[in-house]
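**Q**
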Amino acid sequence: MSVADILLEQVVRLYSEASNKRSGNSDGFDAALWSHAEELGLPLAMCPDADGGFDLGWSEMFGVLAHASACGEPIPLGETLVANALVCSAGSVPETGPIFFGLPGDSEGDAAPNSARVLVAEGKSLSLAPLAEAMAGGVANSEPGSEFVVQAGALLRAVQIAGALQGALDLAVRYTQERSQFGRPLSKFQAVQHMLAQLASEAVATAAAARMACAKMDAGEGKLAIAIAKLRAGRAVEKGVMLAHQIHGAMGVTLEYPLARLSLNMWRWSEEFGDQKYWAIAVGRAGMAMPSAWDAVVSASDPVGVAGYE
Amino acid sequence: MNSTENVRALTPAALALREEVREFLASYSEQWTTFDKAHSWAAFDREFSREVGKRGWIGMTWQAPFGAGRSAVERIVLQEEMLAAGAPVGAHWVADRQSGPLILKVGTSEQQQRYLPGIAKGDLSFCIGMSEPNAGSDLAAIEARAERDTGGWRLNGTKLWTTNAHSCQVMIGLFRTSGPAREMRQKGLTQFLIELDSSGLEIRPIADLNGESHFNEVVFNDVFVPDERLLGVEGEGWAQVTSELALERSGPERFLSAFPLVAAAAKELAEMSSVVERGDLATLGTLICETAVLRSLSLMVAGKLERNEDPSYLAIITKDLGAELEQRTAPAVRSLFERPTPDLKKAIEYTVKASPTFSLRGGAREILRGLTARALGVR
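Keeping their order, the protein sequence lines are chains A and B.
So in this note's numbering, the last one in the first sequence is 528, and the numbering has no gaps at all.
So in this note's numbering, the last one in the second sequence is 588, and the numbering has no gaps at all.
1. Under a Cβ-count criterion, where at least 16 other Cβ atoms within 10 Å of its own Cβ denotes burial, should I328 of chain B be classed as buried or exposed?
2. Along chain B, which residues have their Cβ under 9 Å away from the Cβ of Q395 of chain A?
3. I need the DSSP call for N483 of chain A, collapsed to helix, strand or coil.
4. Is M264 of chain A buried or exposed, if buried means 16 or more other CB atoms sit within 10 Å of its CB?
5. Pick helix, strand or coil for E480 of chain B, following the three-state DSSP scheme.
6. Can you tell me where the alpha helix (DSSP H) holding Q494 of chain A begins and where it ends?
7. 8 Å is my cut-off, CB to CB: does A514 of chain A come that close to chain B?
8. Here's a check: name, in chain order, each residue in its chain whose Cβ is nearer than 6 Å to the Cβ of V471 of chain B, leaving out the five neighbours to either side.
9. Going residue by residue through the segment 448–481 of chain A, where are the continuous alpha helix (DSSP H) segments of at least 4 residues, counting only ones entirely within it?
10. Rounded to a whole number of angstroms, what is the C-alpha to C-alpha distance between G361 of chain B and A426 of chain A?
11. G295 of chain B CB to nearest chain A CB: under 8 Å?
12. Run through chain B and tell me which residues come within less than 7 Å of D520 of chain A, C-beta to C-beta.
13. Determine the chain A residues that contact L530 of chain B at a beta-carbon separation under 7 Å, and present them in chain order.
14. Quick one: using the 10 Å Cβ neighbour count with 16 as the cut-off for buried, is W370 of chain B buried or exposed?
15. Are there 16 or more other CB atoms within 10 angstroms of the CB of S519 of chain A, so buried, or fewer, so exposed?
16. Taking the C-alpha atoms as reference points, what is the distance between V459 of chain A and E575 of chain B?
17. Taking Q378 of chain B as the reference, which of B:E352, B:G397, B:K476, B:S334 has the closest Cα?
18. Measuring CA to CA, which of B:V450, B:P551, B:R279, B:L493 is closest to L348 of chain B?
19. Is there at least one Cβ from chain A nearer than 8 Å to L478 of chain B's Cβ?
20. Which residues in chain A have a C-beta closer than 8 Å to the C-beta of T581 of chain B? List them in chain order.
21. Among residues of its own chain, excluding the 5 on either side of N430 of chain B, which ones have a beta-carbon nearer than 8 Å to its beta-carbon?
22. Under 7 Å Cβ to Cβ from S231 of chain B, same chain only, skipping five residues before and after it: list those, please.
23. If you measure between the beta carbons of G356 of chain A and L337 of chain A, is that distance less than 8 Å?
24. Return the bridge partner residues of W362 of chain B from the DSSP annotation.
25. Would you give the residue range spanned by the beta strand (DSSP E) that P414 of chain B belongs to?
26. Does chain B have any CB closer than 8 Å to the CB of S287 of chain A?
27. What did DSSP end up calling P348 of chain A once you bin it into helix, strand or coil?
28. CB-CB under 8 Å to I285 of chain B, same chain, minus the five flanking residues each way: which ones, in chain order?
29. Can you list the residues of chain A that M509 of chain B reaches, using a CB-CB cut of under 7 Å?
30. In the DSSP output, which residue or residues are listed as bridge partners for I381 of chain B?
31. Tell me which residues of the segment 498–509 of chain A have at least one Cβ-Cβ distance to chain B shorter than 8 Å, keeping chain order.
32. Please name the residue in B:V303, B:Q536, B:R354 whose C-alpha comes closest to that of T372 of chain B.
33. Go through the segment 275–304 of chain A residue by residue and report every complete run of the alpha helix (DSSP H) that reaches 4 residues or more, in order.
34. Looking at C-beta atoms only, is the number of pairs between the segment 417–433 of chain B and the segment 391–408 of chain B that lie closer than 8 Å three or more?
35. Consult DSSP for S364 of chain A and reduce its assignment to one of helix, strand or coil.
36. Under 8 Å between C-beta atoms, does V485 of chain B make it to chain A?
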């Protein structure tokens with residue numbers, strides 16, 4: 219088993235225990251889960267060994283990032299991992315607390331420890347500001363001057379959307395098996411089955427796009443693949459969230475039910491670090507700059523080897 | 210979501226093959242209009258298929274003596290280059306994809322000797338005899354019968370929607386060898402290799418929306434088939450057909466059928482003197498995006514096949530999403546131009562009229578979604 223696989227196993231266990239302990243409305247910050255994550259050394263996993271990290275790449279972290287998101291991202295794990303990786307690659311020393319890409323909501327901010335920071339971009343430089351001082355918001359709310367930050371943010375959102383869609387699908391499958399109307403479980407209605415199949419297709423396609431972009435990013439050639447992954451993820455949100463809610467009936471819109479947090483996250487993430495229009499134009503431009511549109515397809519989707527998995 | 214999918218780079222052999230194929234296709238692409246290219250794998254061109262065969266590119270994954278034993282991924286690289294270029298691959302497509310592999314898997318050595326070399330040369334074309342007037346999506350309802358006769362079988366019934374039957378030499382047909390359809394369903398079915406010059410066999414063309422006749426109705430009137438043309442095991446037709454359909458559903462032709470339009474449109478936009486509007490760039494970008502993602506998925510399917518894992522969940526989703534993309538392509542490309550060139554306009558119109566079949570052939574959309582639902586555990 220690789221380090222990444224062991225870490226994923228731990229994360230699955232931790233998140234499942236945390237979810238059993240949380241009750242009701244889950245729009246806050248799970249402080250207990252955060253301290254467990256810190257004990258595991260999770261926040262620095264994508265930093266080099268020298269900085270106390272595990273030096274794991276995007277492909278290796280795909281499973282962890284997607285799973286945490288499928289659970290509703292009860293702590294800003296993805297944002298912390300990527301922020302620390304960015305800080306380390308800029309030659310600075312990472313911090314220990316949770317890091318947000320934007321100002322958290324009130325209940326989330328109140329529950330976060332004092333060590334919480336917001337990743338702030340000024341021009342090309344990045345800094346970690348305490349919540350009270352980050353009035354202008356973080357990288358997710360501004361136009362970061364560095365293309366690399368946009369790419370890292372967009373890739374994180376694509377991976378997280380893939381995870382959230384899988385989370386929504388898992389909820390939908392379970393709900394249709396438990397809920398009966400007209401004397402039979404919803405899952406036995408063909409119209410419902412076909413909605414589930416469409417939701418699954420969106421989740422699978424987004425995961426494929428995000429995985430490809432992770433591998434390309436690790437290989438240092440992420441630009442086009444990330445544009446494609448974020449665009450595909452945003453399109454999947456447009457279709458997938460509506461399908462998940464249609465399948466759930468009114469249950470899905472109650473804030474208490476876990477789909478609510480997944481949907482709110484997905485809508486926000488599809489807007490951040492370039493929305494569908496932004497990336498569609500970028501991909502179109504890239505396609506026209508190449509000798510043929512096929513070259514764009516091939517260069518964005520030719521598999522690249524991932525270290526540690528041969 | 211295990212962490213080990215899609216993690217191997219294309220081999221140097223696959224990359225070298227891609228260059229070879231591109232060089233080969235470059236010599237043709239100027240002869241082909243966009244309208245020609247839009248026909249893609251529906252276009253039947255014997256001479257082209259023979260040229261492909263000469264290079265060892267038909268049945269390339271088969272083991273010697275019939276093929277070169279090359280990898281499944283290399284074959285995909287070959288196929289996708291052919292499709293992206295709009296090459297007329299229809300004369301060898303079906304035999305290379307499913308008939309040949311099926312004969313290799315369940316055929317007798319006499320059958321393999323008789324058919325595989327001709328397929329690999331591009332001389333022999335196969336068609337698929339599954340659907341019937343009363344059995345489309347519900348394939349287990351087929352009624353065409355095979356009855357024992359001295360030294361062989363007598364076939365009666367009708368096969369429908371048989372693509373290119375009029376240009377093919379052999380059909381692999383599914384027939385009922387015991388019991389009535391209503392009781393036996395998937396049981397009692399047997400596949401036969403039927404040579405299409407047999408007496409008692411009539412092929413009637415069916416004109417489609419484009420006024421072309423790729424489809425046929427094939428009527429069997431006491432057609433005699435000798436014992437040695439029974440393919441595989443008597444009564445095992447259903448299992449054999451299912452494995453054939455898996456091959457029919459997972460390839461790059463399931464999302465690239467309309468791609469030549471995208472390539473032509475991008476080229477025309479690039480050649481225009483005016484600045485391309487943002488909305489048009491976005492339309493083009495979205496088509497490229499969807500195609501690239503489906504290509505990733507299809508390569509994941511190939512990876513699973515190589516590792517002997519069941520790829521059907523991913524394959525079915527690839528085909529379902531692929532048909533959706535193919536059907537969206539022609540209207541999207543049309544929206545990019547006020548006045549497309551006459552050739553592109555003709556190609557768009559052709560694709561519009563061909564597109565209803567994209568979500569029917571190889572399994573209707575509703576059947577695929579049912580299969581996905583089954584994989585999710587709700588059926």
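Positions of the beta carbon are idealized from the N, C-alpha and C atoms, including for glycine.
**A** In this structure, then:
1. As a working mapping, residue 328 of chain B is identified with position 119 in the second sequence. Buried: at least 16 other Cβ atoms inside 10 Å.
2. The sequence position of residue 395 of chain A within the first sequence is 177, counting from 1. By Cβ distance, chain B contributes G586, V587.
3. Taking the first sequence and counting its residues from 1, one reaches residue 483 of chain A at position 265. Helix.
4. Start at 1 with the first residue of the first sequence, and residue 264 of chain A comes out as number 46. Buried, by the Cβ-count rule.
5. Along the second sequence, one-based indexing puts residue 480 of chain B at 271. E480 of chain B falls in the helix class under three-state DSSP.
6. Your numbering for residue 494 of chain A matches position 276 in the first sequence. 494–507 is the extent of the alpha helix (DSSP H) around Q494 of chain A.
7. Numbered from its first residue, the first sequence carries residue 514 of chain A at position 296. So yes, A514 of chain A belongs to the interface.
8. Against the second sequence, residue 471 of chain B aligns to sequence position 262. So the list reads L496, once near-sequence residues are dropped.
9. none
10. Mapped onto the second sequence, residue 361 of chain B falls at position 152. Mapped onto the first sequence, residue 426 of chain A falls at position 208. So the two alpha carbons sit approximately 50 Å from each other.
11. Within the second sequence, residue 295 of chain B is the residue found at index 86, counting from 1. No, because no Cβ of chain A sits closer than 8 Å to the Cβ of G295 of chain B.
12. The residue you call residue 520 of chain A lines up with position 302 of the first sequence. Chain B residues near D520 of chain A: L219.
13. One-based indexing of the second sequence puts residue 530 of chain B at position 321. Correct list: S419, A423.
14. Against the second sequence, residue 370 of chain B aligns to sequence position 161. With 16 or more Cβ atoms within 10 Å of its Cβ, W370 of chain B is classed as buried.
15. Counted from its first residue, the first sequence places residue 519 of chain A at position 301. Buried.
16. Walking along the first sequence from the start, residue 459 of chain A turns up at place 241. Walking along the second sequence from the start, residue 575 of chain B turns up at place 366. For V459 of chain A and E575 of chain B, the distance between alpha carbons rounds to 21 Å.
17. Along the second sequence, read from residue 1 onward, the residue named residue 378 of chain B stands at position 169. Nearest C-alpha to Q378 of chain B: B:S334.
18. As a first step, residue 348 of chain B must be located in the second sequence, where it is residue number 139. Among B:V450, B:P551, B:R279, B:L493, the Cα nearest to that of L348 of chain B belongs to B:V450.
19. On the second sequence, residue 478 of chain B is found 269 positions in, with the first residue counted as 1. At least one chain A Cβ lies under 8 Å of L478 of chain B.
20. To locate residue 581 of chain B, count along the second sequence from 1; it is residue 372. Correct list: L414, A415, A418, S419.
21. One-based indexing of the second sequence puts residue 430 of chain B at position 221. Answer for N430 of chain B: N365, G409, L410, E411, listed in chain order.
22. Taking the second sequence and counting its residues from 1, the one referred to as residue 231 of chain B is at position 22. Checking the sequence shown, residue 231 of chain B turns out to be Arg, not Ser. The answer, listed in chain order, is E290.
23. Your numbering for residue 356 of chain A matches position 138 in the first sequence. Your numbering for residue 337 of chain A matches position 119 in the first sequence. Taking 8 Å as the Cβ cut-off, G356 of chain A and L337 of chain A qualify as a contacting pair.
24. Position 153 of the second sequence, counted from the start, is the residue given in the question as residue 362 of chain B. Paired residue(s): B:R357, B:V434.
25. Here residue 414 of chain B corresponds to residue number 205 of the second sequence, with the count starting at 1. P414 of chain B -> beta strand (DSSP E) spans 410–415.
26. Reading the first sequence from its first residue, position 69 is the one you call residue 287 of chain A. It does not: the Cβ of S287 of chain A has no partner Cβ on chain B nearer than 8 Å.
27. Along the first sequence, read from residue 1 onward, the residue named residue 348 of chain A stands at position 130. Correct three-state label for P348 of chain A: strand.
28. If you number the second sequence from 1, residue 285 of chain B lands on position 76. These residues qualify, in order along the chain: G460, P461, S507, L508, A511.
29. For the purposes of this step, residue 509 of chain B is identified with residue 300 of the second sequence, where counting begins at 1. A426, listed in chain order.
30. What you label residue 381 of chain B is simply residue 172 of the second sequence in a count that begins at 1. The partner list for I381 of chain B (beta bridge, DSSP) reads B:I337, B:L402.
31. A498, I499, A500, V501, G502, R503, A504, G505, M506
32. Your numbering for residue 372 of chain B matches position 163 in the second sequence. Here the closest residue by C-alpha is B:V303.
33. 276–288
34. yes
35. Position 146 of the first sequence, counted from the start, is the residue given in the question as residue 364 of chain A. Coil, per DSSP.
36. Taking the first residue of the second sequence as 1, we reach residue 485 of chain B at position 276. Yes, V485 of chain B counts as interfacial toward chain A.
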